[in-house]
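J.:
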Amino acid sequence: ETGVTQSPTHLIKTRGQQVTLRCSSQSGHNTVSWYQQALGQGPQFIFQYYREEENGRGNFPPRFSGLQFPNYSSELNVNALELDDSALYLCASSLGVVENTEAFFGQGTRLTVV
Amino acid sequence: TQLLEQSPQFLSIQEGENLTVYCNSSSVFSSLQWYRQEPGEGPVLLVTVVTGGEVKKLKRLTFQFGDARKDSSLHITAAQPGDTGLYLCAGERTGGSYIPTFGRGTSLIVHP
């Protein structure tokens with residue numbers, strides 16, 4: 001139990017649709033990072049938010065966007081879904097953006113695009 | 115090309131055996147972290163190693179950071195079925211942003 005919860009746990013969408021995934025961070029954590037984990041792969045960094053501002057972005061197209069709210073919950077939005085977007089999406093919350101800060105992961109949202 | 119290469123990719127062993135998994139890179143890291151991920155769950159941090167040559171022990175798990183801070187190993191003694199899972203290493207590069215880069219992981223199955 002990490003104190004980080006994600007919703008929904010599973011989701012099926014059709015190619016071309018849009019999806020919003022949600023993450024509730026551990027209490028007091030002002031930083032959230034989102035990762036995409038394809039089957040058989042390690043998590044790939046999508047972006048990070050710190051105090052409601054984007055603090056870094058991985059190699060993902062602009063149709064992947066995010067928001068972080070004052071209560072430190074966050075959203076990952078994906079537009080124009082493609083079949084290759086099928087993956088486990090993980091959020092991780094942490095306190096600050098300093099080196100070696102421990103990140104706590106949620107259980108993930110399993111997205112299937114058909 | 116993966117920044118962090120993990121080997122082996124898959125490992126299937128019997129309870130009681132010892133094993134070592136590796137995490138290698140050509141880049142220098144300010145720190146390396148090891149995680150275990152079980153099916154349907156997110157990764158859980160096991161340990162962070164920071165100093166070159168550092169060795170950390172967590173019960174039957176021994177973690178080592180290479181002297182040059184480019185590689186790391188995880189050794190499990192007398193593996194148990196509860197050790198089954200995906201073992202991921204993640205590194206924060208020196209001079210980079212404080213965002214860890216993950217390897218593909220080693221999938222371990224320990225049979226009773």
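As you go down the protein sequences, you meet chains A and B in turn. Take the first sequence: its letter number 95 is residue 95 in the working numbering, and every next letter is one higher. Heads up: take any position in the second sequence, counting from 1, add 114, and you land on the working numbering. Beta carbons are placed, not taken as given, at the ideal position from N, Cα and C, and that holds for glycine.
#1: Can you tell me whether DSSP reads GLY40(A) as helix, strand or coil?
#2: Answer with buried or exposed for SER121(B), where buried requires no fewer than 16 other C-beta atoms within 10 angstroms of its C-beta.
#3: Nearest by alpha-carbon distance to GLU129(B): which of LEU172(B), THR191(B), ALA204(B) is it?
#4: Between ILE127(B) and chain A, is there a C-beta pair that is closer than 9 Å?
#5: For ASN59(A), tell me which candidate among PHE69(A), ILE46(A), LEU67(A), ASN71(A) has the shortest Cα-Cα distance.
#6: Please name the residue, chosen from LEU95(A), GLU82(A), THR101(A), that lies closest to VAL19(A) on a Cα-to-Cα basis.
#7: Output, in chain order, the set of chain A residues within a Cβ distance shorter than 8 Å of LEU202(B).
#8: Quick check on PRO157(B) - is its C-beta less than 9 Å from some C-beta in chain A?
#9: By the criterion of Cβ-Cβ separation under 9 Å, what are the contact partners of THR102(A) in chain B?
T.: By the coordinates alone:
#1: Position 40 of the first sequence, counted from the first residue, corresponds to residue 40(A). The answer is coil: DSSP assigns GLY40(A) none of H, G, I, E or B.
#2: If you number the second sequence from 1, residue 121(B) lands on position 7. SER121(B) should be labelled exposed.
#3: Within the second sequence, numbered from 1, the residue matching residue 129(B) stands at position 15. Selection LEU172(B), THR191(B), ALA204(B) evaluated against GLU129(B) yields THR191(B) as nearest (Cα-Cα).
#4: Sequence index remark: in the second sequence, residue 127(B) carries index 13 (1-based). Output row for ILE127(B): interface = no.
#5: Here residue 59(A) refers to the residue found at position 59 of the first sequence. That would be ILE46(A), whose Cα lies nearest to the Cα of ASN59(A).
#6: The count along the first sequence starts at 1 and reaches residue 19(A) at position 19. The option with the nearest alpha carbon to VAL19(A) is GLU82(A).
#7: Along the second sequence, read from residue 1 onward, the residue named residue 202(B) stands at position 88. Neighbours of LEU202(B) in chain A, taken as residues at a C-beta separation under 8 Å, are given in chain order as GLY42, PRO43.
#8: As a first step, residue 157(B) is located in the second sequence; it is residue number 43 there, counting from the start. With its beta carbon less than 9 Å from one in chain A, PRO157(B) belongs to the interface.
#9: As a first step, residue 102(A) must be located in the first sequence, where it is residue number 102. For clarity, residue 102(A) is Glu in the given sequence; the question names Thr instead. Neighbours of GLU102(A) on chain B, chain order: GLN147, LEU159, THR162.
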